[in-house]
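Shown next, in structure tokens, is the structure this report addresses.
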Amino acid sequence: MQRGTSKALFELLSSMRFAISLLTVLAIASIIGTVVKQNEPFNAYLNQFGPFWFPVFEELGLYSVYNAGWFLVILAFLVLSTTLCIVRQSAPMLREMRSFREHAREVSLRQFAHQATLPGGLPLDAQRQRVDAYLAANGFKARSNERSDGVLVAAKQGSASRAGYFLAHGAIVLICLGGLLDGNLPLKMQMWLGGKQTTTGNQLIADIPDSARLGENNWSYRGNLYIPEGRSSNVAVLNVNDGILLQELPFTVSLKKFHIDHYENGMPKRFASDIIVTDDATGESFERTIEVNHPFEHRGVVMYQASFDDGGSTLHIAGRNLLHGPALPVLDLQGEVGETLRLNHPRFSYALELTGFTLFNVEDMGEGTTDAGGLGRLRDHLGSGAARPDSGRDMRNIGPSFTFKLRDEAGQAREFQNYMLPIEQGGRWFMYTGMRESQAESFRYLRIPVDEDGQIDTWFAIHNLFFDPARREQLAQRFARSSFGDSAEAAEPRARLAETGRHTLDLFSDRGYETVGRFIDTTIPEAERERAADVFIKILQGLTWEAWQLAREEAGMDALQIDEARAAYLRDTMAALSDSLFYESPLFLQLNAFDQVQASVLQVTRSPGKPLVYLGSLLLVLGVFAMLYIRERRLFVLLKGDAEGLLAMSSNRQTIDVDETFERHTTALRELLAAAGTATPESSATR
Amino acid sequence: MEYAHPSLNQRSWLQRRDLYDWLYALALVAGAGIALVHYHSFMDVYDDIVLIIHVPVLIAMGWYWKPFRVFLAAVAAVALLSIWLYEGDLARAEEVFFLKYLVSSQTAIMWMSALYFIATGSYWLGLAARSEFAEKLASTLVWIGTVMGTAGLFVRWFESYLMGPEIGRIPISNLYEVFVLFSLITALMYLFYEQRYNTRKMGAFVMVVISAAVAFLLWYTFTRGAHEIQPLIPALQSYWMKVHVPTNFIGYGGFALAAMLGVACLLSERGILAGRLPPVRVMEDVMYKAIAIGFAFFTIATILGALWAAEAWGTYWQWDPKETWALIVWLNYAAWLHMRLTKGLRGPILSWWAVIGLGVTTFAFIGVNMFLSGLHSYGNL
Ligand code: HEM
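Chains H and D, in that order, give the protein sequences. Numbering follows the UniProt record's numbering, in which position 118 of the first sequence is assigned residue number 118; successive positions increment by one, without gaps. Numbering follows the UniProt record's numbering, in which position 44 of the second sequence is assigned residue number 44; successive positions increment by one, without gaps.
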């Protein structure tokens, strides 16, 4: 009974049906990890799946599918099943490779799909000689067996096809085993047996306990080495589940300089790290440059250029007032990327997290083309593959930018991206600042127009006047006076206009154009709305112009004459004033200067399974080609002297060329054995 | 001797070469020699080795499949004509009539597209009207289209160097270029089977998938300007890329071919077009051959990809979505081959499987780039 079950189990596991099912299951299981992004921070998953599904999926290991227990079990079954299949097939296959089956009986030969009669007549010896010669000339190995009624010549070629089976399937086992060595199974073992535990990422390296450190003797790992310029490191960080482990390295790496080179069109051309490696054991130092696609190995550890980051650049920032009410003076801030500053003020309280700095920002600043239609369009796409100068695209470096988060006291954070230099759009220049509520959104940009001196000071001066309730009356009065003059006769309309101006300012200060629009929609009959909107715009323009002039006056500057450029500036200013009401920050942080420090992220790996996997890959290729392209053929020629002989052929593949080959052999052998022995050369030439 | 029968006097393989075989071989050796001497200073050891390996491989292909000799000669002629017309000045693409309307890279690829479309129509006409002439015409058009497209890629390669030595690179590294490559490889594979099985009737189906690829290509060119040559980002600056990509596309080409034959088999088995198509047995045979060659090359391609990943990212396998889908494709066709070869399965199941297989392959090829994020960033639409 016991034997029976284990035999049945063996047969099941080594069966073709099981293998095909396994291949299918493995394929389907693999899909999961391509749909659910792998190894993200757990917070991201919590956001994505919600509190109910998050733990369920965590339990199922979906955040790291390919390391999940159940997935490894499928792989283990594949290895087991393939191994058993090899075990099961090896004896019959080896027999098949060696044997000629020269004892085959005539009756069984007559069952073959491919068989034909051969002419008799020649003496048996002559027949045998001719057949042997023919088979040898056609690359067959033959063995003959004399029997009572004649001779059976059994021949075969292409037995190596069977060897292909062993190579290919053995290779799969090798590759899986090699992969297992390099996967995170060894790490899991250390965590179970060696008592290692992950820890959280946001602490100083020196504070990380021994339980989260792996020693130099660890023989398989893959981690990241983060090194700012001018600093060094000898521990790699391994991300495991939602925590980290530290891997100690047998050497120290310091980063002299990190390089990013660009092509003319702004695309990155080269990432490279100039490093100094100091060996712990010998104390020797040497310099190397690691580039993408050009790794470097030392003491069995391979280092790759994986990515780069900011290494703590110093940023000098001016915080400019965006609050309503009496204007704040400009705040002077300074901090390093990675640092968190406190922004404390009676009117607000935020944590300012400086998250990144980018020196180059290459963006497409083109305006697109108005494509020609029809044939013209086709003609535009003929010629060389080089981009046409009028392609409507314009890749440009728009200068440095930095990103930061403002976290309020409730812990809510918004993310910002500010550019350092003004950016041109349609002939006018703007300062861009983007804001978003969460990582999943893209940035929405506030465009602050740049004044005639290339600064944003004017806009802020106008802003401060416009949104200070205490100054509204003054603005409205000025506006009314400039429309109706100072004369006493116009006192009444002047007062009315001032009243309207004040009202407009009140409306606009709430939610900009949105409130003004809503006011028009609710209070003015439909037929007159368009005209009313025009009037409001004119009033706002007038008010903005007055704010501008007032600001100049207060700064001791001359009054200006309106012209086309200034009118455009005025419109942009108003748009930005309106948009600024949706910009959820008390300050605009303007980057004034920086001190860049880059950091390089090197991947360090030790993969003992690699040679095994590579060997397996080589064998796999050889095996697959052998199985698919070496054709195993067996010819059986039964010769009977005077009586009619028999030709039969078998092959391990049923393809159409088997039929063709059989016909060729039949024709050739028939002519060869024809009693007269005079064959016509044309018809029998084997090609 | 008494049995000195001709069938025993196998002439050796070399003795069976005709004059044209030798001329072809000579031309290849000479071409490679000239390139080695002339451009020596621009090439590193790998370039030298790859160039030298190409000579015997191309000779073998031409000797094994005779029309390939003419094909290669025509490609060389068109490409050299174009290079000669350029005179080292990219701007001449707009000025010289023959460049602008015949042999600059974009124009040549447009010719390829047009010829493939017309050929598809012609194959269908041949099938519908039982017109041998239409079929012959179609296959001639495919040949010419393939010559133009291949020459177009070579010229594009040349043009990239005209744009600037640091921009110069082999044109197989973005979605646009690999679509051209896919169309060409699939067409060549088809032409091979067309000749080998001596029937032009499968063209109507195979050219449909090629036309679809070309349609995508045109859309991509006209709406996204994808045809513009861009320099290589650091991750793609690797020798592995140059071998990994073409190998992959032999795989994709084989799978696409097989799927279209699967469609033909399925229709034929339902009696649709049955009298006009080759026997199902023949089409199934071609389907098997296409999957076999596709699988073999896809195996190599995946391994080459792993070797490249090991050098670029530090791990030969990290379950990146593109890698994982390659594995899925590979497992799928492994299962298909097991079904046919070891279980001896035939008929509609295998045809359906091949058709669905193309769906899976297409997803691995472009779907992953469109819908999933990962490290294979080159092909974002
Ligand atoms: C998991 C257990 C597996 C079993 C039990 C198994 C079994 C077999 C058997 C019995 C053959 C026929 C050999 C012959 O007659 O030439 C075969 C062929 C083949 N196997 Fe597997 N195999 C397994 C896994 C795989 C895997 C994972 C692959 C991956 C590609 C694979 C690829 C092939 C190929 C391509 C053939 C070629 C068909 C042929 O030449 O017959 N096998 N397999």
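The beta-carbon is built from N, C-alpha and C at its ideal position, and this holds for glycine as well. Every value quoted in this text rests on a predicted model; they were computed, and no experiment measured them.
Whether residue i touches residue j by CB criterion (8 Å)
i: D:Met241; j: D:Trp157; result: no
i: H:Phe430; j: H:Phe416; result: no
i: H:Ile32; j: H:Val73; result: no
i: H:Gly454; j: H:Ala480; result: no
i: D:Gly347; j: D:Gly294; result: no
i: H:His665; j: H:Leu647; result: yes
i: H:Gly399; j: H:Leu421; result: yes
i: D:Val355; j: D:Gly262; result: yes
i: H:Asp182; j: H:Ser607; result: yes
i: D:Ser113; j: D:Leu218; result: yes
i: H:Phe251; j: H:His294; result: no
i: D:Ala79; j: D:Phe154; result: yes
i: H:Ala599; j: H:Arg447; result: no
i: D:Leu141; j: D:Ile109; result: no
i: H:Leu214; j: H:Lys196; result: yes
i: H:Asn464; j: H:Leu591; result: no
Residue-level contact to chain H via CB, residue i, 8 Å cutoff
i: D:Asn369; result: no
i: D:Ser105; result: yes
i: D:Ile250; result: no
i: residue 384 of chain D; result: Lying before the first or after the last residue shown, residue 384 of chain D is absent from chain D, which here runs from 1 to 381.
i: D:His227; result: yes
i: D:Val78; result: no
i: D:Thr221; result: yes
i: D:Ser238; result: yes
i: D:Leu375; result: The predicted model places D:Leu375 with a pLDDT of 48, which falls under 50 and marks its position as unreliable, so this point remains unresolved.
i: D:Glu166; result: yes
Bridge partners - residue i, DSSP secondary structure assignment
i: H:Gln247; result: H:Leu214 and H:Ala236
i: D:Ala309; result: None, per the DSSP bridge assignment.
i: H:Tyr419; result: H:Ser401
i: D:Ile268; result: Here residue 268 of chain D is Ser; the residue named in the question, Ile, does not match the sequence. For D:Ser268, which the question treats as bridged, DSSP gives no partner whatsoever.
i: H:Ala116; result: H:Leu647
i: H:Arg147; result: H:Gly150
Chain-ordered neighbours of residue i on chain H, where CB pairs are closer than 7 Å
i: D:Pro321; result: Thr34
i: D:Ala335; result: Ile20, Leu23 and Thr24
i: D:Ala296; result: Val624, Phe625 and Leu628
Cutoff 8 Å: residue i Cβ touching any chain D Cβ
i: H:Ser14; result: no
i: H:Ser401; result: no
i: H:Thr655; result: yes
i: H:Tyr304; result: yes
i: H:Met267; result: yes
i: H:Gln48; result: no
i: H:Val450; result: no
i: H:Ser617; result: yes
i: H:Arg270; result: yes
Of the residues the options, the one placed nearest residue i, counting alpha carbons only
i: H:Leu615; options: H:Arg496, H:Leu177 and H:Pro55; result: H:Leu177
i: D:Ser105; options: D:Leu90, D:Ala335, D:Tyr116 and D:Ala119; result: D:Leu90
i: H:Gly385; options: D:Phe298, D:Phe192 and D:Gly225; result: D:Gly225
i: H:Phe284; options: H:Phe308, H:Val253, H:Ser650 and H:Phe443; result: According to the sequence shown, residue 284 of chain H is Glu rather than Phe. Checking every option, the nearest Cα to that of H:Glu284 belongs to H:Val253.
i: H:Leu540; options: H:Arg571, H:Tyr583 and H:Ile317; result: H:Arg571
i: D:Leu304; options: D:Leu51, D:Ala187, D:Ala326 and D:Asp285; result: D:Ala326
Cross-chain neighbours of residue i in chain D, by beta carbon under 9 Å
i: H:Pro295; result: Ala310, Glu311, Ala312 and Gly314
i: H:Arg222; result: Gly314, Thr315 and Gln318
Chain D residues whose Cβ lies nearer than 7 Å to that of residue i
i: H:Ile31; result: Ile328
i: H:Val621; result: Thr299, Ile300 and Ile303
i: H:Tyr66; result: Trp319
Near the ligand PLP: residue i beta-carbon under 7 Å from a heavy atom
i: D:Ala310; result: Among the ligands present in this structure, namely the ligand HEM, the ligand PLP is not found.
Proximal residues of chain D, C-beta to C-beta of residue i below 8 Å
i: H:Leu382; result: Lys100, Tyr101, Ser104, Gln106, Thr107 and Met110
Chain H residues whose Cβ lies nearer than 9 Å to that of residue i
i: D:Lys343; result: Met16, Arg17 and Ile20
Beta carbon proximity, residue i to chain C, threshold 8 Å
i: H:Arg377; result: Absent here is chain C; the protein component of the structure consists of chains H and D.
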